[in-house]
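Working notes, structure below.
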Amino acid sequence: MRVVLKLAALPLALLALASSGAAQAQAAYPNKPIRFMVGFRPAAAPTWPAAPFRSASRSAWVSR
Amino acid sequence: MASRTISQRLSERLGQPLIMDNRAGAGGMVGLEAIAKSTPDGYTIGIGTSGALTVNPTLRSKLPYDPLKDFAYISTMVVNPIALTISPSLPPQNMKEFLTWAKGQSSAKLSFGTAGTGTAMHLAGEVLNQMAGITIVHVPYKGSAPAAVDLMGGQIPLAVLDLAAGLTHIRAGKIRALGMTSLNRSPVAPEIPTIAETGVPGYDVRSWFGIVAPAGTPPEIIARLNAEIVAVLGSQEGKDRMVASGLEASPSTPQAFLDTVRSEIPRWAGVIKAAGIKLE
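Quick note, the sequences are listed as chains A and B, same order. Just so we're aligned, residue 14 is where the first sequence starts under our numbering, counting upward by one. Just so we're aligned, residue 240 is where the second sequence starts under our numbering, counting upward by one.
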C-alpha cells in the first residue's frame, strides 16, 4: 500500500520539480545577448521600424 | 532621458544587449524565414510585418514559412499611420467632398500612388474602392517618398502615404490629407480625421510591425519578453519616441497579436482576390 501511495505521488513530485526547473530557467533568462532579426537593409526606406531599437551603447548591428 | 532608444531600455530591462541582425530581402520574408528556422530558445527574435505575415500568404505563391505554425507571437510593436492624400490643386477639401467629386470623375484620371504593389497603402486604396463604390487606379512606386514627389509634382492626383514620408509635406501644405486609414486618429497627426469618421464608416486599414520568435519558444520566455516590451513601449517615453519617428506604439498580448494575424490573413485574401492584385 505504501509503495502504491509513493507511486501515486510520483507524478506530482515530478510536476513540482519541472515547475521549479521552468521557474529557474525563466529567472535565468536571458543570460547572453539576444539576436534581433530585422528584414530590412539598414539604409533602406523602411528601416525606420527598427531604428528606434538601435542603441548607441549596448546593442550592435550585424549586416549580412 | 528622451534621447535613450527603445533598444537601450529593452536591453536595460533584460540585462543583455540586443544584437541587430539585418536579413534584408523579399519584403521582410528573408528575415522572417531566418527567425522561423532559428533555435526556439528565446535568444533569437525579430520583426514581423503585417505585409509579410498576413498579405504575402495570399500574394506570394511560395512562402518560406507558415505564419500560423512557424512563429511564437510576442507583441505588436508599432502601427505605421497611413493617410489618403490629394494634390492641393484639386477641389476636394475633405473626405466627403472627395467621395462626391470622385464619383463624377473618369477612373482614368483617378490614379493613386503608393509604396508598391501589395503594400498596406495599396490595399488601403482597394478597400476604399470596395467600400465607397469609387474607382481609383493603383500606380506602384518604389517607396512612399517617390510617390509623394510625383503627387507634389502633379504627375498623380492621389497617393496613399505613410506619415513618415508624407507628414512634412502635409504640414507644409504641399499635400492635402483627406483622411487616416486607421479606425482611430493617429497620435502622430491627431489633426487629421479618419476616413471612417468622415465618409466611410467602419473603414480601417493598418500597417503594423510586431515582434516574433520561432515556434516552440518556451511560453515563460515569451511572457517575459512580452512584459518587457509592453513596459518599454507602453511608457510615456516609449510612446513619445515612436511618435517622434512617425509611428504609434501599440504593444499587445501575445494572444492579441496572434488573433490579429489570424483575422487579417483571410481579410486580405478577400481584398486581394476581389481587386485582382498580382505581383508582377
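Just so you know, even glycine gets a beta-carbon here, dropped at the ideal spot from N, CA and C.
query = Name the chain A residues that come within less than 8 Å of Gln255 (chain B), Cβ to Cβ?
reply = Working through the second sequence from its first residue, we reach residue 255 (chain B) at position 16. Those within 8 Å of Gln255 (chain B) in chain A are Pro43, Asn44, Lys45, Pro46 and Ile47.
request  = Please name the residue, chosen from B:Arg410, B:Leu400 and B:Ala386, that lies closest to Gln394 (chain B) on a Cα-to-Cα basis.
outcome  = Taking the second sequence and counting its residues from 1, the one referred to as residue 394 (chain B) is at position 155. It is B:Ala386.
task = Excluding the 5 residues preceding and the 5 following Arg262 (chain B) in the sequence, name in chain order all residues of the same chain whose CB lies nearer than 6 Å to its CB.
result = As a working mapping, residue 262 (chain B) is identified with position 23 in the second sequence. Here the set comprises Val269, Gly270 and Ala273.
ask   = Would you call the region 481-499 of chain B and the region 346-360 of chain B touching, i.e. three or more CB-CB distances under 8 Å?
value = no
ask   = Taking the C-alpha atoms as reference points, what is the distance between Gly310 (chain B) and Ala454 (chain B)?
value = Against the second sequence, residue 310 (chain B) aligns to sequence position 71. Against the second sequence, residue 454 (chain B) aligns to sequence position 215. The displayed chain sequence assigns Phe, not Gly, to residue 310 (chain B). When rounded, the distance between both Cα atoms is 4 Å.
Candidates B:Ile468, B:Pro320 and B:Ile409: closest to Trp447 (chain B) by CA position = In the second sequence, the residue the question calls residue 447 (chain B) occupies position 208. Closest by alpha carbon: B:Pro320.
query = Would you call the CB atoms of Leu417 (chain B) and Met334 (chain B) closer than 8 Å?
reply = In the second sequence, residue 417 (chain B) corresponds to position 178, counting from 1. In the second sequence, residue 334 (chain B) corresponds to position 95, counting from 1. Yes, the pair counts as a contact, with Cβ atoms nearer than the cut-off.
message = So if DSSP puts His361 (chain B) in a beta bridge, which residue, or which two residues, is it bridged to?
response = As a first step, residue 361 (chain B) is located in the second sequence; it is residue number 122 there, counting from the start. Its beta-bridge partners do not exist; DSSP assigns none.
ask   = If you count every other CB in all the chains shown that lies within 10 Å of the CB of Ser314 (chain B), and 16 or more means buried, which is it?
value = Numbered from its first residue, the second sequence carries residue 314 (chain B) at position 75. Classification of Ser314 (chain B): buried, given that the 10 Å Cβ count is 16 or more.
ask   = So is Asp305 (chain B) in contact with chain A if we call contact Cβ pairs under 8 Å?
value = Here residue 305 (chain B) is taken as the residue at index 66 of the second sequence, counted from 1. Taking Cβ atoms only, chain A never reaches closer than 8 Å to Asp305 (chain B), which makes this a no.
Chain E within 8 Å of Asn261 (chain B), Cβ atoms only = Judged by its chain identifiers, the structure shown contains no chain E, and its protein chains are A and B.
task = Assign Gly34 (chain A) to buried or exposed, taking buried as 16 or more other Cβ atoms, counted over all protein chains shown, within 10 Å of its Cβ.
result = Residue numbering aside, residue 34 (chain A) sits at position 21 when the first sequence is read from its first letter. Bear in mind that the predicted position of Gly34 (chain A) carries a pLDDT of just 48, short of 50, making it unreliable; the figure below should be weighed with that in mind. The residue is exposed, with fewer than 16 neighbouring Cβ atoms inside 10 Å.
query = Should Val482 (chain B) and Arg248 (chain B) be called a contact, given that it needs their Cβ atoms to be closer than 8 Å?
reply = Counted from its first residue, the second sequence places residue 482 (chain B) at position 243. Counted from its first residue, the second sequence places residue 248 (chain B) at position 9. Between Val482 (chain B) and Arg248 (chain B), the gap from beta carbon to beta carbon reaches 8 Å or more.
ask   = DSSP three-state call for Arg248 (chain B): helix, strand or coil?
value = By one-based count along the second sequence, residue 248 (chain B) stands at place 9. Assignment of Arg248 (chain B) by DSSP, reduced to helix, strand and coil, places it in the helix class.
message = Let me confirm a value: Arg501 (chain B) is counted as buried when at least 16 other C-beta atoms fall within 10 Å, else exposed. Which label applies?
response = Position 262 of the second sequence, counting from 1, holds the residue named residue 501 (chain B). Label assigned to Arg501 (chain B): exposed.
key: Partners in chain A for Val269 (chain B), counting only beta-carbon separations shorter than 7 Å   = In the second sequence, the residue the question calls residue 269 (chain B) occupies position 30. Those are Gly52, listed as they occur along chain A.
inquiry  = So for Leu302 (chain B), helix, strand or coil by DSSP?
reply    = Here residue 302 (chain B) refers to the residue found at position 63 of the second sequence. DSSP places Leu302 (chain B) outside both helix and strand once states are collapsed to three, so it counts as coil.
message = Can you tell me where the beta strand (DSSP E) holding Asn319 (chain B) begins and where it ends?
response = For this step, residue 319 (chain B) is matched to residue 80 along the second sequence. Asn319 (chain B) -> beta strand (DSSP E) spans Phe310 to Asn319.
Asn44 (chain A) burial status per 10 Å Cβ neighbour count (16 or more: buried) = As a first step, residue 44 (chain A) must be located in the first sequence, where it is residue number 31. Exposed.
inquiry  = Quick check on DSSP: helix, strand or coil for Asn368 (chain B)?
reply    = Taking the first residue of the second sequence as position 1, residue 368 (chain B) is located at position 129. In the structure shown, Asn368 (chain B) sits in a helix (DSSP, three-state: H, G or I).
key: Status (buried if at least 16 other CB within 10 Å, exposed otherwise) for Ser421 (chain B)   = Mapped onto the second sequence, residue 421 (chain B) falls at position 182. Ser421 (chain B) comes out buried.
query = Since Phe351 (chain B) is in the beta strand (DSSP E), which residue starts that stretch and which ends it?
reply = By 1-based counting over the second sequence, the position of residue 351 (chain B) is 112. From DSSP, the beta strand (DSSP E) with Phe351 (chain B) extends over Ser350 to Thr353.
request  = Indicate whether Asp260 (chain B) and Met50 (chain A) have their beta-carbon atoms separated by less than 8 Å.
outcome  = On the second sequence, residue 260 (chain B) is found 21 positions in, with the first residue counted as 1. On the first sequence, residue 50 (chain A) is found 37 positions in, with the first residue counted as 1. Going by C-beta atoms, Asp260 (chain B) is nearer than 8 Å to Met50 (chain A).
message = Cutting at 6 Å between CB atoms, please list the residues of its own chain near Ile460 (chain B), excluding the five before and the five after it.
response = Within the second sequence, residue 460 (chain B) is the residue found at index 221, counting from 1. For Ile460 (chain B), where only same-chain residues beyond five positions count, the Cβ hits under 6 Å are Gly281.
message = Which residue marks the beginning of the beta strand (DSSP E) containing Thr283 (chain B), and which one marks its end?
response = Walking along the second sequence from the start, residue 283 (chain B) turns up at place 44. Where Thr283 (chain B) is concerned, the enclosing beta strand (DSSP E) stretches over Thr283 to Thr288.
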